[in-house]
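Beneath this line is the structure, given in structure tokens, with notes to follow.
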Amino acid sequence: MPDVIKTKTDATTDALAPPAAGAPESAADGHKSQGKPRSLWGDAWYDLRHRPMFWISSILLLFLIVVAAFPGLFTSVDPRDGDLTNHFLTKPELGSFFQPDWFGYDGQGRSIYARVVYGTRASILVGVGVTAAVTIIGGLLGMLAGYFGGWLDSIISRITDIFFGIPFLLGAMVVLNAFTERKVYVVIFALAFLGWTSICRVMRSSVITAKQADYVTAARALGAGTKRILFRHVLPNAMAPTIVVATIALGGYISAEATLSFLGLGLADPTISWGIDIAQGSKDIRDNPHALFFPAGMLSLTVFAFIMLGDAVRDALDPKLR
Amino acid sequence: MTIIEETSSVPTPRSGDSDTTPLLEVRDLHVEFHTRDGVAKAVNGVNYSVSSGETLAVLGESGSGKSVTAQAIMGILDMPPGSIPQGQILYRGQDMLTMSYEERRKIRGRKIAMIFQDALSSLNPVLSVGYQLGEMYRVHEGLSRKAAKAKAIELMERVNIPAAKARVNDYPHQFSGGMRQRIMIAMALALEPDLIIADEPTTALDVTVQAQVMDLLADLQREFNMGLILITHDLGVVADVADKIAVMYAGRIVETAPVHELYKRPAHPYTRGLLDSIPRLDQKGQELYAIKGLPPNLLKIPAGCAFNPRCPKAQDICRTDVPVLDPVTEQDGTELPGRGSACHFWKETIHG
Amino acid sequence: MGRYVARRLLQMIPVFIGTTLIIFLMVHILPGDPIRAMWGDKAADPAQVAALRADFGLDQPLWKQYVDYMWGLLQGDFGKTFGGREVADEMSEAFPVTLRLTMVALIIEIIIGIGLGAWAGLKAGKAVDTGVLIFTLVVISIPVFVLGYLARFVLADELGWVAPNVQDSTDYAQLFLPGFVLAMLSMAYVARLTRTTFAENLRADYMRTAMAKGLPRRRIVGVHLLRNSLIPVVTFLGTDVGGFIGGAVITEGIFNVQGVGNLLFKALQGREGSTIVGVVTVFVLIILLINLVVDLLYAVLDPRIRYA
């Protein structure tokens, strides 16, 4: 299997490598070599700015991050306060905007709106935390394996193979089951523990490609040291595929956290997580669908925003797909 | 946009045909590409014609529109982003641009075939060579799979591929560059078309192989009395095989001439520049001439003559008026058949 | 080819050992004592607890437990549950169910995913393309368990078209809805991948050649485009098995399918170490073997790949 993955990622890397000399003869491309030359990143930014998907997802994400950071700005109610007189209460047509009764109340009489607002933090934290951890660990290992090769590469690659062999969600369940107290950082650890392999593989193969590029040979011929070659020449050119994979995976990690919390293996009370609320809401879906609908909707919206951002970034960084 | 007047068509050499309509005639063809940055005008009023047994060489730099014209003739332009706002492409007097998809498809490959530059990427990597050759017979002549394969072996033998029978089931990547280009030629030749368009058929090959492939192409053309449009940027290739030459610049034909006259007495500064930039043994030690500047941006073709920013002889009129393709004459006014130049100062260029 | 397969099978051994070791450690470093937990709140007889511990080998050092487990595994012994059932028996009941469910899902995934992707890829840049893109985005964004409850709620509870729970797992009609839910996420990915490769290969030089040969459109797309575009899709289908297995746990829970997912979930709750390790071990084996098959298939589909 590694062979296939390598071929696949190599192909992506090729496409992502900065366009070298030899502009195609087609008239559509002919002009590009003239005008002001755009770098890969400049070109990508130009492309991003012209994508509505990028702006929609960015604004959505900015909003979600503000909600996650300052939930108190959006509701004054404590999401943990239950008043059983409000048991599954929905006002005639749900509540009024931004009021505690906006989305109605759950089975324990807690404001669903407040819970949805406060649940944002866990999801964003897990998503960003896992992505950061995975990018650092996987990126570093992949870079070392790709650049230095030899026995280091063999060892890292074999370890990657082992972790890659464990099904992600299933493995996370087993890992999380080993913890009695499941806080946010525990979930981040469990997901990162199993999730770093794909970034590592992508980084490794793009570093190998970049390492063999002519400008690296040229830099070496000019007497540049290992550190300089690695950080000035190889890394910037090998980053693009890693960024693409990381952005796309972010939404998936949020989804995974909710799934695990839903199964009772992820976050647990008193942490507020959409996954837990969805699990509780699903028990009485027939009579009180609103208790399931709102947290599920928010979760989907958040994942949607991240996936959409990842998509836009991928399209911008991968000229082949244009 | 100026419409270039029709060029006087060149009398066909080795004419056995009493038919006066040429095999293929391109009239005032325009092709545009709509890109993110604007409209790229790739072809701006091209006229040329080819008869049976005749070889027309189309010469030009990258982006001069020579390949785009060929793709428009074949009907394989990507539309969109490409579009043909104006012009006619007549095959035996019939405008192909007004034909239905099916009518055009039946001409493609059967009557007009094309040879591409990079045979490795132009052949399907996951289908065997025999399958790809045999496909011509299966689709156009309804042969069975088995009969088509036999025909494919025959074809491979005809283009001198050794051990054709053993190699018919091999895949393109298993052949050498020269052999792959032979397979491309064989594919174009399969149904003995009237016209072959060869788009830089030897550019991707080693110099030693280039000559072999060109000779093969010329031999086969003579054998079947086909018309041939040879697209190239290599003046050396052209001299041996072509009957007449059309030089393209920024989507226009800037000069036409019978092959040897062009070499002897170019009538356009651009052609002159091209000829001067060929290294010559008798000029050893001198600095090699190069046309200064870059090919024009097709999104913003310069006003007047497109070549004016790079032209050593440019005057004010060159920056305002687009020169038309005028017939070129001797100093005393006698007509030079088949010659034309789109330069305001062609007289000075050819006679000065 | 044969040597390649042999080498790959040999390479699998360290990966297999490493993977099972990680899972084994994760399961057995659980704080708390599963044996004592069997008594609940009641006071347990220490002698009885000690006897049971010895019976399950839990009094041994961890490495010894692992070696013993692997030794048993080599002889086809997956161990026993605390309730005294053979883990192998439990799995042989559950695996066929999950296999059928996965088959249904895989077929749905292939037909709809490739179909949608091909349609969008051929119409790249048009409204259909955008529509498919948004549809796949939405499907990917909605987590499987939300999708599952939604589907169950609407199709079973509200409309009554299907039974909410799978009563008979050999009835493929009943497996359709859970299979569909399980397939959705992968289907969206397959659709997007197919779309991308189609759109990409559409611009390949050999497609231009096929056009220039005067082939009918159906043949250009069906032979020249499809053969090249399916190569990455097949690879994806193979590497996605892991995702399928994770999804099966959730789908089986929602629709009450008595498959491996359910078995594993119950084992996690009951801390049935042998069952957890057994199920994951079999999954890892399946994944490794499928990956090998996909690699070999890759060589068949793409003549440029040669394994030696």
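Heads up: the protein sequence lines correspond to chains A, B and C, in order. According to my numbering, the stretch in the first sequence is residues 198 to 519, in order. According to my numbering, the stretch in the second sequence is residues 5 to 356, in order. According to my numbering, the stretch in the third sequence is residues -7 to 300, in order. Cβ coordinates follow ideal geometry from the N, Cα and C atoms, glycine included.
Reduced DSSP secondary structure (H/G/I, E/B, other) of residue i
i	result
A/Ala502	helix
B/His355	helix
B/Met191	helix
C/Gly235	helix
B/Pro262	strand
A/Ile451	helix
B/Ala61	strand
B/Ile235	strand
C/Ala42	helix
C/Thr90	helix
B/Ile80	coil
B/Leu340	strand
A/Gly227	Because A/Gly227 carries a pLDDT of 38, less than 50, the predicted location of this residue cannot be relied on, and the following value inherits that uncertainty. Helix.
B/Glu107	helix
B/Ala310	coil
B/Glu196	coil
B/Tyr293	coil
According to DSSP, residues forming a beta bridge with residue i
i	result
B/Ile119	B/Ala202
B/His34	B/Asn48 and B/Gln90
B/Asp99	B/Leu94
B/Asp330	B/Ser345
B/Glu29	B/Ser53 and B/Leu94
B/Gly42	B/Thr39
C/Ser84	The partner list for C/Ser84 (beta bridge, DSSP) is empty, contrary to what the question assumes.
A/Ile321	Answer is none; A/Ile321 lacks a bridge partner.
C/Ile100	For C/Ile100, which the question treats as bridged, DSSP gives no partner whatsoever.
B/Val251	B/Leu63 and B/Glu259
Reference residue i; option with closest CA among the options
i	options	result
A/Phe267	A/Asn434, A/Asp484, A/Arg379 and A/Val314	A/Val314
B/Ile80	C/Ala204, C/Tyr290, C/Ala143 and C/Leu288	C/Ala204
C/Leu106	C/Thr188, C/Val249, C/Leu194 and C/Val19	A quick correction: the sequence has Ile, not Leu, at residue 106 of chain C. Taking only the C-alpha atoms, the option nearest C/Ile106 is C/Thr188.
B/Arg61	B/Leu239, B/His177 and B/Lys296	One detail in the question is off: residue 61 of chain B reads as Ala in this sequence, not Arg. Residue B/Leu239 is the option with its Cα nearest to B/Ala61.
B/Val163	B/Val217, B/Leu279 and B/Thr25	B/Val217
C/Asn283	C/Ala46, C/Trp153, C/Gly230 and C/Val182	C/Gly230
B/Tyr175	B/Ala44, B/Val130, B/His144 and B/Gly146	B/Val130
B/Asp325	B/Glu334, B/Asn312, B/Lys317 and B/Val211	B/Asn312
C/Leu98	C/Lys258, C/Thr186, C/Gly206 and C/Met176	C/Met176
A/Ile469	A/Pro276, A/Phe260, A/Leu257 and A/His247	A/Pro276
C/Asp149	C/Leu169, C/Gln261 and C/Glu78	C/Leu169
B/Thr198	B/Gln178, B/Gln225 and B/Thr212	The amino acid occupying residue 198 of chain B in the given sequence is Asp; Thr does not appear at that position. With distances taken between Cα atoms, B/Asp198 lies closest to B/Gln225.
B/Pro316	B/Ala250, B/Gly297, B/Lys304 and B/Ile77	B/Gly297
B/Gly42	B/Lys304, B/Asp330, B/Arg343 and B/Arg314	B/Lys304
C/Gly195	C/Leu217, C/Gly239 and C/Gly253	The sequence shown places Arg at residue 195 of chain C, not Gly. Among C/Leu217, C/Gly239 and C/Gly253, the Cα nearest to that of C/Arg195 is on C/Leu217.
B/Gly182	B/Ile165, B/Lys169 and B/Leu193	B/Ile165
C/Met18	A/Thr456, A/Val510 and A/Met370	A/Met370
A/Gly336	A/Val431, A/Leu506 and A/Gly449	A/Val431
Within chain C, partners of residue i - CB distance below 9 Å
i	result
A/Leu568	Residue 568 of chain A is absent from the structure shown; chain A starts at 198 and stops at 519.
Partner residues on chain A for residue i, Cβ-Cβ distance less than 7 Å
i	result
C/Pro295	What C/Pro295 touches in chain A: nothing, since even the nearest Cβ is about 14 Å away.
Proximal residues of chain A, C-beta to C-beta of residue i below 8 Å
i	result
C/Leu260	Met370, Val371, Asn374 and Leu462
C/Leu129	Phe501, Ile504, Met505 and Asp508
Contact set between residue i and chain C, taken where Cβ atoms lie within less than 8 Å
i	result
B/His177	Pro295 and Arg296
Contacts that residue i makes with chain A (C-beta to C-beta distance below 9 Å)
i	result
C/Pro6	Arg355, Asp358 and Ile359
C/Met18	Gly368, Val371, Val372, Asn374 and Ala375
C/Leu301	Chain C is shown from -7 up to 300; residue 301 of chain C falls before or after that span and cannot be answered.
7 Å Cβ cut-off: residues of chain C touching residue i
i	result
A/Ala493	Val138
B/Phe311	Simply none; closest approach about 30 Å.
Neighbour list for residue i in chain F, Cβ cutoff strictly below 7 Å
i	result
C/Phe70	Looking for chain F here will not work: the only protein chains present are A, B and C.
beta-carbon residue i near the ligand ADP non-hydrogen atom, thresh 7 Å
i	result
B/Met118	As far as ligands go, the structure on display features none, and thus does not contain the ligand ADP.
Select from the stretch 366 to 398 of chain A all residues with a C-beta closer than 8 Å to any C-beta belonging to chain C, and list them in chain order.
-> Leu366, Leu367, Gly368, Met370, Val371, Val372, Asn374, Ala375 and Thr377
Residues within the stretch 53 to 85 of chain B neighbouring chain C, beta-carbon criterion of under 7 Å | Met78 and Ile80
Using Cβ-Cβ distances below 9 Å, what residues of the stretch 198 to 224 of chain C are close to chain B?
-> Tyr198, Met199, Arg200, Thr201, Ala202, Met203, Ala204, Lys205, Gly206, Leu207, Pro208, Arg209, Arg211, Val215, His216, Arg219, Asn220 and Ile223
Report the residues of the stretch 203 to 232 of chain B with a CB closer than 7 Å to any CB of chain C, ordered along the chain.
-> none
Using a beta-carbon distance cut-off of less than 7 Å, what residues from the stretch 469 to 482 of chain A approach chain C?
-> Ile475, Ser479 and Ile482
Using a Cβ cut-off of 8 Å, which residues of the stretch 249 to 269 of chain A contact any Cβ in chain C, in chain order?
-> none
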